[in-house]
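Report on the following structure.
There are 2 protein chains.
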Amino acid sequence: MTIEETDSSWITRGGTPAAPHSGRLHPLGLREVRLRPGFWQQRQNTNRTASLNHIEQWLERAGWLGNFDAAAAGTLPGARRGREFSDTEVYKLLEAMAWEYGRTGDPGLDERYRAIVRRVAAAQEPDGYLNTNFGRPGQAPRYSDLEWGHELYSFGHLIQAGVARARTAGHDELVHVAVRAADHVCEVFADRGLCGHPEIEPALVELYRVTGERRYLDQARKFVDRRGHHELADIEFGRAYFQDDVPVRDAEILRGHAVRAAYLAAGAVDVAVETGDTALLDAVTRQWHATVARRTYLTGGTGSRHQDEAFGEDHVLPPDRAYSETCAAVGSMMLSWRLLLAHGDAVYADLIERTLFNVIATSPADDGRGFFYTNTLHQRVPGTVPDPGQLVPRAASSLRAPWFAVSCCPTNLARTFAGLAAYLATRDDDGLQIHQYAAATLATTLPGDRRVACEMDTEYPVDGRITIRVTESPADPWTLSLRVPAWAVGATLDGTPVTPGWNRLHRRFSPGDVVVLDLPVRARITTPDPRIDAVRGCVAVERGPLVLCAESVDLPVDVNALQIVPQLTERDGSVFATGRRVSDPPGSWPYNTSAFSGESAGEAPAGDPGEADGSGRPDGTFELPLHPYHRWARRGPSTMRVWLPLAPSAVHREPARAPENPAAQRPDPTPEGTAS
Amino acid sequence: MTIEETDSSWITRGGTPAAPHSGRLHPLGLREVRLRPGFWQQRQNTNRTASLNHIEQWLERAGWLGNFDAAAAGTLPGARRGREFSDTEVYKLLEAMAWEYGRTGDPGLDERYRAIVRRVAAAQEPDGYLNTNFGRPGQAPRYSDLEWGHELYSFGHLIQAGVARARTAGHDELVHVAVRAADHVCEVFADRGLCGHPEIEPALVELYRVTGERRYLDQARKFVDRRGHHELADIEFGRAYFQDDVPVRDAEILRGHAVRAAYLAAGAVDVAVETGDTALLDAVTRQWHATVARRTYLTGGTGSRHQDEAFGEDHVLPPDRAYSETCAAVGSMMLSWRLLLAHGDAVYADLIERTLFNVIATSPADDGRGFFYTNTLHQRVPGTVPDPGQLVPRAASSLRAPWFAVSCCPTNLARTFAGLAAYLATRDDDGLQIHQYAAATLATTLPGDRRVACEMDTEYPVDGRITIRVTESPADPWTLSLRVPAWAVGATLDGTPVTPGWNRLHRRFSPGDVVVLDLPVRARITTPDPRIDAVRGCVAVERGPLVLCAESVDLPVDVNALQIVPQLTERDGSVFATGRRVSDPPGSWPYNTSAFSGESAGEAPAGDPGEADGSGRPDGTFELPLHPYHRWARRGPSTMRVWLPLAPSAVHREPARAPENPAAQRPDPTPEGTAS
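Keeping their order, the protein sequence lines are chains V and U.
Using our numbering, read the first sequence as starting at 508 and increasing by one per residue.
Using our numbering, read the second sequence as starting at 508 and increasing by one per residue.
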């Protein structure tokens, strides 16, 4: 292709992540939606002013950027640093910088960007291949380890970075590098081959969208269709790990490695909408719904298994061993966004909102220089403060860490925050749809050259009032569509009750017209599906789009021994429940056999109502502050839990305990008899 | 040392695993306690007639035995097969064969044994070093990877095998090999160094016990004292993985890799009792009690984490991701047995019984040619039948597999079954203590050359009656001590009520005297500590020492959607509860916000009482058969659960659900509105 083939309209609009040629809704560009001061702009600013530098410094320091220099200098493999996929962190930083440049046009940023691109470009080989970990003497041959080598995954992120640049600057050295890489991939993988980590699929479709080069779309379709036929070798975790167990069209639910699953599904949607393949689109849509119903945390997070960073079976959603990788949340948003554009249904924006406020907002430290890799819903043991100068070998930590041996999450967040405004709103032929509520300005052009623009003011999610003031409008009617979140029962639109889902105002608007949506942001109690074993007998507290949690720094008792009396109060914008401490069971064997036999057990006392814990009340209860989950672990090491066990007296009665039963007391720490 | 220093009394008594010089109780030899037809003899026979051959064949076939030949032939590393610790499976087979020979004196077995020993011995190097994976050109240098190399672990199992041979045959090529290996270890590790996998510690103490060579005990003490001081490098799982986080004397609880933790603790007890180090013994005793109280499954299994085969935090005992490795159960028994000998308390035998019947008996297939590596308490998805000719790459399976890439469990079971009789009884100066009930004969000599012998008859655990007939007795009084298990409230001894713990009969016995212990083997309901989040609102059913479970092959509903009405009946020796199916919650988002607010929720209906499922009763309930957990997955692929959620009507009432609430129904699989 030639870069001239790039759709120049994207450049003037500031670019957008994911730009399908068809679908119910069309994305806006990063210069069409701009965040204003508020919850998300603060995070986007921190990303721009702190995280991008922080990442760039770590990429230098860890030597992952230097790997490209070493490739050009011919000093690999001896000089190589980092894991087999470390190149991709550089590409994701470049993608983040591209979106950031697209919305700001900051020349200083562009200069830093070009400097990195020069180093990357210098490492590309004459035939388009580019990877610092393979193919040189002393390294494994190219494509000798498709299961674990991440080579196509790496090309995928390179191409995504090139696409971001093409959409925000139109032409660049990196775009040429990406195109040459894509051409190389199409040549080598024309007839067979598959990567253990999906990512090349959405990347190639996006490059097709930018360049119009059909060959990239065809190659992406081949990759999607090839998967699920045991093309890859079996591995310890099984082929489901990289979704090579069942073809995409036949699968019923997302499974295996959560990030891989999401990236593949996103790529499959991209292929489906560009080729008009409704069967494929339907398959992924079905999988999304099944995954939301059975394999998604309350936070929107996915992936419960530490061992293989994977989905568990249906309803296996342990809060304390939640993996809920930050990157899986990014992947989930990529998928939901594509389905939202394709179908237009509010449910996808509901999940995006949940994921944004409860995973994406949770991961980064306030200063933008630390990150959660995993996002547990129950921290049992306080962690230690990571050394800011140290790379953290372990993904799980109770405190945000500056960098990881596998550091995919910081760069994934960076590209997401840089392009975040794109998720707020869309247009169709008839008007604007607002998906996410944040202080922002929106301005776009509807077909027929009809300019529409508005300002959105809100303190959301602290407050539920959203005020939209029209600032530009054509003379004829158009439709302003507002999503009422699924949780927002009791919402009003200009004072009139509205129900969750889309609420559409089709009318003539004039500049200065104001629309007011009131979402009932009040603390509420949420109960789990009874098949989620891990949280049976617990409730969670939510407030608006925010999941709340209890954190040890606010508590007189161990969070692991906490029970809740679920009567909520709100005071000065804070939420309180009533807590109590689990009474100690008798004995030191944690399982108790008693005379319990069904109904009669209900008559037994529910145990000691609680011990005095300093701050307690006469009845042993205490005030239990609940804070937004995304704020946890920002006051030093702590323990935390989202799901709160109900105190027995609150809802049900526990089976009788019989402390006088000697069987219940043994084994006992006091030796109770010896043989001599 | 010279082999002549070996305590020849052990040889005549058939040998025993673990033979401390001091302690409250003294073990009996494998020719002093003999199993007779019954539950355990059947398993010991299967081990002898099937598993030992099966293991030997797989060791040949997988090439792990051949590694020793290749070492002798100088064709390593090219010819090497298996993981870095594969040598140890050969050693554990040799240990199993040694105990088996000790109790049977089978010359055919001895011949096979000697043939393997010749191959092992040929691979030992002149300085005593022996490991097929290190030290040759093209291999990593000796001791270059103490964290993961398993070299000292490997020596530990070699020495244990040598000890077993010394105790059962007195002298042998392998005993010499083991002694030379131990001398090498003492020389190289005199001043520093530690193995990532404990095992050398108990092995060296046991070799000291056999040889009297104090140097081995001193070296074991050094290894125990060295650990916990960050001698090993930090790793992804943290130093707790190999217990190098906290010194053994300072630790409060077992942690990290469950097998490593148990082997180390067993070695620490060995060091403590041989050196009179009561502080060290107290430390491990305290850790045992804490671990039993907070980190042990109902089955006696330990280790909840798949990722690092490790203990989780306190009360983290998920049934569905239970790892509960078979080898961890073996290690737990080794530790409990040593503490039982040291202290004499019945609690240790209680845990051994629980572990024997619910993990050790669960792992092997009926034909002795398949094994569970992990022992989950909740199987959510039926597995596939393993190919009997295939090595299984994955540890977790819903069916017993013939061999594993890491195949530690089959050989660990083999050595345990071969020496199983040793765990039944002990003696002290005044008499016999019976710890485990099984059909058996017991005969030993008390100090003063007083012969005591008896026959134990029982159908235990199906039936709770144990009849002990004295067959030999001195004229003066002695004490017969019988353990009443902690669960056995209501037991009688010769018709008189007795309580759990030790019950001692001090009297003059005459041959022909009979003592009858009746243990109340009836189904009972067990509730968990309320801090075990993963099984809140559930009960388990136990019967005698057996944990029971529900298995899908007996059920009209999905085991994951099962609830129990906990009224138990027993019929023809089988146990039945009443089951019902979880009613489907509304909508496809698994979390439900309603008007629920504490007490008032108790008034709401508990939902659909259940759907007709073919075999159901008019009220939607059905008969729910419960079988011993150790019998599960013996009727083909199935799902299974030990912990059974209580039906809401059984004990408590669930929070109100509001299916009419539209918020509870979204996201919905039916697109509910589009923007075009």
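For each residue, glycine too, the CB sits at the ideal point set by N, CA and C.
Checklist entry - Does the beta-carbon distance from A1196 of chain U to V1048 of chain U come in below 7 Å? => result Outside the modelled stretch of chain U, which goes from 508 to 1183, sits residue 1196 of chain U, for which no answer is possible.
Checklist entry - Between L939 of chain V and S988 of chain V, which are expected to be in contact by the criterion C-beta below 8 Å, what is the C-beta distance as a whole number of angstroms? => result Here residue 939 of chain V refers to the residue found at position 432 when the first sequence is read from its first residue. Here residue 988 of chain V refers to the residue found at position 481 when the first sequence is read from its first residue. Contact flag correct, Cβ pair sits at about 7 Å.
Checklist entry - Leaving out five residues before and five after A557 of chain V in sequence, what residues of the same chain have Cβ atoms less than 7 Å from its Cβ? => result If you number the first sequence from 1, residue 557 of chain V lands on position 50. Counting only Cβ-Cβ distances below 7 Å, and skipping sequence neighbours, we find D874, G875 and R876.
Checklist entry - Going straight from the alpha carbon of F1083 of chain U to that of P826 of chain U, what length do you get? => result For the purposes of this step, residue 1083 of chain U is taken as residue 576 along the second sequence, with counting starting at 1. For the purposes of this step, residue 826 of chain U is taken as residue 319 along the second sequence, with counting starting at 1. When only Cα atoms are considered, F1083 of chain U and P826 of chain U end up about 21 Å apart.
Checklist entry - Can you tell me whether DSSP reads V470 of chain U as helix, strand or coil? => result Outside the modelled stretch of chain U, which goes from 508 to 1183, sits residue 470 of chain U, for which no answer is possible.
Item to check | A1047 of chain U: first and last residue of the uninterrupted beta strand (DSSP E) it sits in | outcome: Numbered from its first residue, the second sequence carries residue 1047 of chain U at position 540. For A1047 of chain U, the uninterrupted beta strand (DSSP E) run begins and ends at C1045 to R1050, by DSSP.
Next on the checklist: For a test of your reading of the model: does the CB of P584 of chain V fall under 6 Å from any non-hydrogen atom of the ligand ATP? Yes or no.
Outcome noted: As presented, the structure is devoid of all ligands, the ligand ATP included, so that no description of it is given.
Item to check | S651 of chain V versus R699 of chain V - alpha carbon distance | outcome: Along the first sequence, read from residue 1 onward, the residue named residue 651 of chain V stands at position 144. Along the first sequence, read from residue 1 onward, the residue named residue 699 of chain V stands at position 192. Cα-Cα distance, rounded: 13 Å.
Item to check | Which listed residue (U:T881, U:L824, U:V1023 and U:G819) has its alpha carbon closest to that of T833 of chain U | outcome: Translated into positions along the second sequence, residue 833 of chain U becomes position 326. Checked all of U:T881, U:L824, U:V1023 and U:G819; the closest Cα to T833 of chain U is U:T881.
Item to check | Inter-residue Cα distance where the pair is F1103 of chain V and C1056 of chain V | outcome: Residue 1103 of chain V sits at position 596 when you count from the first residue of the first sequence. Residue 1056 of chain V sits at position 549 when you count from the first residue of the first sequence. Legend: pLDDT at F1103 of chain V = 41, less than 50; position of this residue unreliable, value from coordinates given subsequently. Taking C-alpha positions only, F1103 of chain V is separated from C1056 of chain V by approximately 34 Å.
Checklist entry - So, do the region 941-960 of chain U and the region 574-586 of chain U have three or more beta carbon pairs nearer to each other than 8 Å? => result Taking 8 Å as the limit for Cβ pairs, the verdict is that the region 574-586 of chain U does not touch the region 941-960 of chain U.
Checklist entry - In chain order, what residues of the same chain have a beta carbon less than 8 Å from the beta carbon of Q1074 of chain V, not counting five sequence neighbours either side? => result Numbered from 1 along the first sequence, position 567 holds the residue referred to as residue 1074 of chain V. The answer, listed in chain order, is A1084 and T1085.
Item to check | C-beta neighbour in chain U for E820 of chain V, strict 7 Å | outcome: Counting from one through the first sequence, the residue named residue 820 of chain V turns up at place 313. Residue contact with chain U for E820 of chain V: present (Cβ-Cβ distance below 7 Å to some residue of chain U).
Next on the checklist: Would L805 of chain U pass as an interface residue toward chain B - the criterion being a Cβ-Cβ separation below 7 Å?
Outcome noted: The structure shown contains no chain B; its protein chains are V and U.
Checklist entry - When DSSP labels each residue in this structure, what does D652 of chain V get in the three-state scheme? => result Numbered from 1 along the first sequence, position 145 holds the residue referred to as residue 652 of chain V. It is coil, neither helix nor strand.
Next on the checklist: Considering just the uninterrupted stretch of the alpha helix (DSSP H) at W571 of chain V, what are its terminal residues?
Outcome noted: Looking up residue 571 of chain V in the first sequence gives position 64. Per DSSP, W571 of chain V belongs to no alpha helix (DSSP H) and is neither H nor E.
Checklist entry - Can a CB atom of chain U be found closer than 7 Å to the CB of D913 of chain V? => result Position 406 of the first sequence holds residue 913 of chain V. Per the sequence presented here, residue 913 of chain V reads as Val, with Asp not at that position. Not one beta carbon of chain U lies nearer than 7 Å to the beta carbon of V913 of chain V.
Next on the checklist: Let me see if you follow: with CB-CB separation under 7 Å, is Q886 of chain V close to chain U or not?
Outcome noted: For this step, residue 886 of chain V is matched to residue 379 along the first sequence. At a cut-off of 7 Å between beta-carbon atoms, Q886 of chain V makes no contact with chain U.
Item to check | Completely contained alpha helix (DSSP H) runs for the region 675-744 of chain V, where each covers 4 or more residues | outcome: Counting only runs of 4 or more, we get 680-695, 707-718 and 721-733.
Checklist entry - Which residues, in order along the region 1017-1050 of chain U, keep a beta-carbon less than 9 Å from a beta-carbon of chain V? => result Residues are counted here when their Cβ sits less than 9 Å from a Cβ of chain V; for the region 1017-1050 of chain U these are R1031, I1032, T1033, T1034, P1035, D1036, P1037, R1038, I1039, D1040, A1041, V1042, R1043, G1044, C1045, V1046, A1047 and E1049, given in chain order.
Checklist entry - For R468 of chain V versus V776 of chain U, is the C-beta distance shorter than 7 Å? => result Here chain V has residues from 508 to 1183 only, and residue 468 of chain V is not among them.
Item to check | Backbone CA spacing between W1009 of chain V and G536 of chain V [nearest angstrom] | outcome: By one-based count along the first sequence, residue 1009 of chain V stands at place 502. By one-based count along the first sequence, residue 536 of chain V stands at place 29. For W1009 of chain V and G536 of chain V, the gap between their C-alpha atoms comes out near 22 Å.
Item to check | Terminal residues of the beta strand (DSSP E) in which H505 of chain U lies | outcome: The shown model of chain U, from 508 to 1183, leaves out residue 505 of chain U, and the question about it has no answer.
Next on the checklist: Starting from Y930 of chain U, trace the beta strand (DSSP E) in both directions and tell me its first and last residue.
Outcome noted: The residue labelled residue 930 of chain U in the question sits at position 423 within the second sequence. Premise fails: Y930 of chain U is in no beta strand (DSSP E) and is neither H nor E.
Checklist entry - With a CB to CB cut of under 7 Å and the five nearest residues on each side skipped, what residues in its chain are close to W571 of chain U? => result Position 64 of the second sequence, counted from the start, is the residue given in the question as residue 571 of chain U. Result list for W571 of chain U: R588, G589, S593, E596 and V597, in chain order.
Checklist entry - Can you name the residues of chain U whose CB is closer than 8 Å to the CB of E860 of chain V? => result Within the first sequence, numbered from 1, the residue matching residue 860 of chain V stands at position 353. For E860 of chain V, none of the residues of chain U pass the 8 Å Cβ criterion, the least Cβ distance being about 12 Å.
Item to check | Rounded C-alpha distance that separates R958 of chain U from P1018 of chain U | outcome: Here residue 958 of chain U corresponds to residue number 451 of the second sequence, with the count starting at 1. Here residue 1018 of chain U corresponds to residue number 511 of the second sequence, with the count starting at 1. Cα to Cα, R958 of chain U sits roughly 11 Å from P1018 of chain U.
Next on the checklist: Within 10 Å of its beta-carbon, does Q551 of chain V have 16 or more other beta-carbons around it, so buried, or fewer, so exposed?
Outcome noted: Within the first sequence, numbered from 1, the residue matching residue 551 of chain V stands at position 44. By the neighbour-count criterion, in which 16 or more other beta carbons inside 10 Å mark a residue as buried, Q551 of chain V falls on the buried side.
Checklist entry - Would DSSP call Y1228 of chain V helix, strand or coil? => result Outside the shown range of chain V, which is 508 to 1183, sits residue 1228 of chain V, and nothing can be said about it.
Item to check | Helix, strand or coil at E591 of chain V [DSSP, three-state] | outcome: Along the first sequence, one-based indexing puts residue 591 of chain V at 84. Residue state, collapsed to three classes: coil.
Item to check | Reduced DSSP category for W1096 of chain V - H, G, I as helix; E, B as strand; rest coil | outcome: Here the question's residue 1096 of chain V lines up with position 589 in the first sequence. DSSP, read as helix, strand or coil, puts W1096 of chain V in coil.
Checklist entry - By how many angstroms is the C-alpha of A673 of chain U removed from the C-alpha of G783 of chain U? => result Here residue 783 of chain U refers to the residue found at position 276 of the second sequence. Here residue 673 of chain U refers to the residue found at position 166 of the second sequence. One alpha carbon belongs to G783 of chain U, the other to A673 of chain U, and they sit about 25 Å apart.
Next on the checklist: For a quick check, are the C-beta atoms of H822 of chain V and R845 of chain V less than 7 Å apart?
Outcome noted: The residue given as residue 822 of chain V occupies position 315 in the first sequence. The residue given as residue 845 of chain V occupies position 338 in the first sequence. Going by C-beta atoms, H822 of chain V is not nearer than 7 Å to R845 of chain V.
Item to check | Contact set between Y1098 of chain U and chain V, taken where Cβ atoms lie within less than 8 Å | outcome: Walking along the second sequence from the start, residue 1098 of chain U turns up at place 591. Those within 8 Å of Y1098 of chain U in chain V are L805, T1033, T1034, P1035, D1036 and A1047.
Checklist entry - Which residues in chain V sit within 8 Å of R828 of chain U, going by Cβ to Cβ distance? => result Translated into positions along the second sequence, residue 828 of chain U becomes position 321. Chain V residues near R828 of chain U: R812, G819, V823, P825 and R828.
Checklist entry - By how many angstroms is the C-alpha of V1022 of chain U removed from the C-alpha of E563 of chain U? => result The residue you call residue 563 of chain U lines up with position 56 of the second sequence. The residue you call residue 1022 of chain U lines up with position 515 of the second sequence. In a straight line, the C-alpha of E563 of chain U is about 43 Å away from that of V1022 of chain U.
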